[in-house]
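Numbering (the numbering used here), first residue to last: 119 to 204. Cβ coordinates follow ideal geometry from the N, Cα and C atoms, glycine included.
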Amino acid sequence: MVADIARQVQWRDKWLKPEQWKVLLISGHAVATKQEADVLPGLEGEYVNIRESSAQMSVKRMASLIEYTTAWAIGQGVRFTDRRYE
């Protein structure tokens with residue numbers, strides 16, 4: 119899903135890696151679902167988004183993230199590749 123977005127969408131005129139898209143999507147999802155979004159100054163003066171861990175999300179929270187990501191991507195014209203698992 120994130121790989122499809124990375125192949126098809128530029129962000130601010132820049133192609134991002136899937137792991138960079140993951141950070142943006144989790145951050146956007148947190149804001150959209152009224153969760154905290156902490157942006158703090160980093161160790162070298164950069165800004166860092168301290169975000170929730172997708173690995174520690176509940177099944178319900180992960181389903182919400184997938185729904186958010188799908189809706190956002192479709193709104194950007196992303197065509198998802200068909201994956202079938204047996």
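| Nearest to L158 by CA position, among K135, I168, V141 and W133, is which residue? | I168
| request: Would you check if the region 134 to 153 and the region 162 to 182 touch, i.e. whether three or more CB-CB distances between them fall below 8 Å? | output: yes
| Test item: CB-CB of T187 and L143 under 8 Å | yes
| Which class does D122 belong to by DSSP, given the choice of helix, strand or coil? | helix
| field | Spatially closest choice to K152 from E164, V196, R179 and E162, by CA coordinates | value | R179
| Between which two residues does the beta strand (DSSP E) carrying V127 extend? | Note, V127: premise wrong, no beta strand (DSSP E); not H, not E.
| request: With a floor of 3 residues, list each beta strand (DSSP E) that falls wholly inside the region 145 to 178, ordered by position along the chain. | output: 156 to 159 and 165 to 168
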